[in-house]
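Trainee:
In our numbering, the protein residues as written are 214 to 687.
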């Protein structure tokens, strides 16, 4: 057996493990009553469609600001717009709960939070795509004196497929969202993912939970199979789109960033005072400090290992097609599959499940494209007679080490703030994220914000550790 085939077999077993465990634990597959299933499906569709529409509409107000900014400011602004979608949902929830009072619990609140969280991501993705396609046309239209509205109306057909691709990606994320509907749904925005959680944790109807998960998986597969055929024009120079750039867009981007950060910073002193007013909370925070760091660090290191090992044998290794097309089970089902495994060592089990949960998204996020860019070098090395491991060691690993470490740092940051999976797998507060969520659920918002600040600071330090590791370990 070659190294590539061995790695492929390992990948299949690893990714299929949740399904194998679920099949072993559940005797049969069922579905809930039709009314209950259709109600949850309707909520999932509403959340996906409305959240993606809000994100796309907001993106069109933010993009002119990105086009107005110079190269250096544009890079900083892009990162600032991406942060709400890159950080764990816990921070977005804390930000909104800090300044929206009373908060609209239910479908409206879920849609609003998810739409806001993904607006910056949509703006950055669409701005880059539109720049590539419309730079030359924008310059020509400006020379000919075409008005802005006419230019936008005529060029819309060139970006419609890019718009659809970004909208589908955001829809898929919001359709299967778990943590945000779980916290602020209030029982009125129960989607398929939350219904799975209720079937597992409350009514212990495991067969129905698996059936709902398969329905959700089938819908996600159909959505992701929708073809995207973006129009292809010559790549543009990295310049401003003067015809559609706007200072008002720059102001809108600044407002978007301030809406996220100012409520958190404003309530910082009050949040730490609230922690001191709850007896024994500081000592509980101290007890959970080491498990929180160990859990996030372990998830990041395991994901780094997955990224490195699964890159061996690229692109001949069929793992590439497997990872690109694989759909992981829902978060609730993934947690249920591993219930009981972590009784002796819950930290190790929980970190492993987190790494398994986040591996596919980060592989598609950054490593897939990087490996694709190395394909000509790999083909030359293979022509010269190098085997898979030598190619990986001398060609691939040195060039993907940096991005793999950054992605592992992102996973560690997500693991620091992940609480929804823990609510399925664990019966106690094992880390700061679960503690913060339990404080919010009991309406002690300020104390939950204080713990959230500790998560943000510690997660940022851990991300910096992985980022530095990517510079020294090549």
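In this text, a Cβ means the ideal position worked out from N, Cα and C, and glycines have one as well. Computed from a prediction, not measured in an experiment: that's the story for all the values here.
Going straight from the alpha carbon of residue 260 to that of residue 381, what length do you get?
Mentor: Each residue's Cα considered, the two are about 13 Å apart.
Trainee: Under a three-way DSSP split, which group does residue 248 fall into?
Mentor: The answer is helix: DSSP assigns residue 248 an H, G or I state.
Trainee: Using a threshold of 7 Å, is the CB atom of residue 683 nearer than that to any non-hydrogen atom of the ligand MN?
Mentor: With respect to the ligand MN, the structure offers nothing, as it holds no ligand at all.
Trainee: Would residue 308 and residue 334 qualify as a contact pair, given that the criterion is a beta-carbon distance under 8 Å?
Mentor: Going by C-beta atoms, residue 308 is not nearer than 8 Å to residue 334.
Trainee: What is the DSSP secondary structure of residue 314, reduced to helix, strand or coil?
Mentor: The answer is coil: DSSP assigns residue 314 none of H, G, I, E or B.
Trainee: Where do the N-terminal and C-terminal ends of the alpha helix (DSSP H) with residue 688 fall, by residue?
Mentor: Beyond the ends of the chain as shown, which are 214 and 687, falls residue 688; an answer cannot be given.
Trainee: Checking 8 Å against the spacing of the C-beta atoms, do residue 513 and residue 279 come in under that value?
Mentor: Result no, Cβ atoms of residue 513 and residue 279 do not sit closer than 8 Å.
Trainee: Applying the criterion that 16 or more other CB atoms from any shown protein chain within 10 Å of the CB defines a buried residue, is residue 490 buried or exposed?
Mentor: By the 10 Å Cβ count, residue 490 comes out exposed.
Trainee: Taking C-beta to C-beta, are residue 630 and residue 617 nearer than 8 Å?
Mentor: Not a contact, by the Cβ cut-off of 8 Å.
Trainee: What three-state label does DSSP hand residue 657 in the structure shown?
Mentor: Here residue 657 sits in coil by DSSP.
Trainee: What are the uninterrupted segments assigned as alpha helix (DSSP H) that are 4 or more residues long and contained completely in the region 549-603, given in chain order?
Mentor: For the region 549-603, whole alpha helix (DSSP H) runs of length 4 or above, ordered along the chain, are 559-575, 581-586 and 588-596.
Trainee: Near residue 376, what residues of its chain come up, given a Cβ to Cβ distance below 6 Å and the 5 sequence neighbours on each side ignored?
Mentor: The answer is none, since no qualifying residue turns up.
Trainee: Taking Cβ to Cβ, would you say residue 660 is nearer than 8 Å to residue 392?
Mentor: Cβ distance not < 8 Å, so residue 660 and residue 392 don't count as in contact.
Trainee: Is residue 239 helix, strand or coil by DSSP?
Mentor: Reduced to three states, the DSSP call for residue 239 is coil.
Trainee: Please report how far the alpha carbon of residue 517 lies from the alpha carbon of residue 248, in whole angstroms.
Mentor: Cα to Cα, the separation comes out at about 43 Å.
Trainee: Pick out the complete alpha helix (DSSP H) segments inside the region 475-500, 4 residues or longer, and give them in chain order.
Mentor: Those alpha helix (DSSP H) runs which fall completely within the region 475-500 and span 4+ residues are 481-490.
Trainee: Pick helix, strand or coil for residue 282, following the three-state DSSP scheme.
Mentor: Looking at residue 282 - three-state DSSP - the assignment turns out to be coil, as it is neither helix nor strand.
Trainee: Between which two residues does the alpha helix (DSSP H) holding residue 409 run?
Mentor: Run containing residue 409: 405-414, per the alpha helix (DSSP H) assignment.
Trainee: Let's see if you can read the secondary structure: which residues bound the alpha helix (DSSP H) around residue 635?
Mentor: From DSSP, the alpha helix (DSSP H) with residue 635 extends over 633-638.
Trainee: For the candidate residues 471, 613, 625 and 497, whose alpha-carbon lies nearest to that of residue 515?
Mentor: Nearest option by C-alpha distance: 625.
Trainee: Could you tell me how far apart the beta carbons of residue 476 and residue 627 are, in whole angstroms, since I believe they sit closer than 8 Å?
Mentor: With a Cβ gap of about 22 Å, residue 476 and residue 627 do not count as contacting.
Trainee: Have a look at residue 443 and residue 323 and give me their C-alpha separation to the nearest angstrom.
Mentor: Its pLDDT being 43, under 50, residue 443 is placed unreliably by the model, and the measurement read from it follows with that caveat. One C-alpha to the other measures close to 30 Å.
Trainee: Given a cut-off of 8 Å on the beta-carbon distance, is the pair residue 268 and residue 328 in contact?
Mentor: The answer is yes: Cβ separation under 8 Å.
Trainee: Based on Cα-Cα distance, which residue from 673, 683, 665 and 679 lies nearest to residue 306?
Mentor: Ranking 673, 683, 665 and 679 by Cα distance to residue 306 puts 665 first.
Trainee: Three-state secondary structure (DSSP) at residue 460?
Mentor: Residue state, collapsed to three classes: helix.
Trainee: Can you give the Cα-Cα distance for residue 337 and residue 310, rounded to whole angstroms?
Mentor: Looking at the two C-alpha atoms, the distance is approximately 26 Å.
Trainee: Closest to residue 591 by C-alpha separation, out of 574, 612, 579 and 368, would be which residue?
Mentor: Minimum Cα distance to residue 591 is reached at 612.
Trainee: Given this structure, state the Cα-to-Cα distance separating residue 422 from residue 406, to the nearest angstrom.
Mentor: Going by the C-alpha atoms only, they are around 9 Å apart.
Trainee: Can you check which of these residues, 387, 601 and 673, is closest to residue 523 by C-alpha distance?
Mentor: Nearest of 387, 601 and 673 to residue 523, Cα basis: 601.
Trainee: Does DSSP put residue 642 in a helix, in a strand, or in coil?
Mentor: In this structure, residue 642 counts as coil in the three-state DSSP scheme.
Trainee: Pull up the distance between the alpha-carbon of residue 644 and that of residue 638, whole angstroms please.
Mentor: Each residue's alpha carbon lies about 13 Å from the other.
Trainee: From residue 588 to residue 525, what distance separates their C-alpha atoms?
Mentor: Between residue 588 and residue 525, the C-alpha separation is close to 12 Å.
Trainee: Using the Cα positions of residue 667 and residue 395, report the straight-line distance between them to the nearest angstrom.
Mentor: Those two C-alpha atoms are separated by around 22 Å.
Trainee: Taking all protein chains shown into account, do 16 or more other C-beta atoms lie within 10 angstroms of the C-beta of residue 656, making it buried, or fewer, making it exposed?
Mentor: Exposed, since its Cβ has fewer than 16 Cβ neighbours within 10 Å.
Trainee: Looking at the structure shown, is residue 621 part of a helix, part of a strand, or coil, going by DSSP?
Mentor: If DSSP states are grouped into helix, strand and coil, residue 621 belongs with the helices.
Trainee: Should residue 340 be labelled buried (16 or more other beta-carbon atoms within 10 Å of its own) or exposed?
Mentor: Buried, by the Cβ-count rule.
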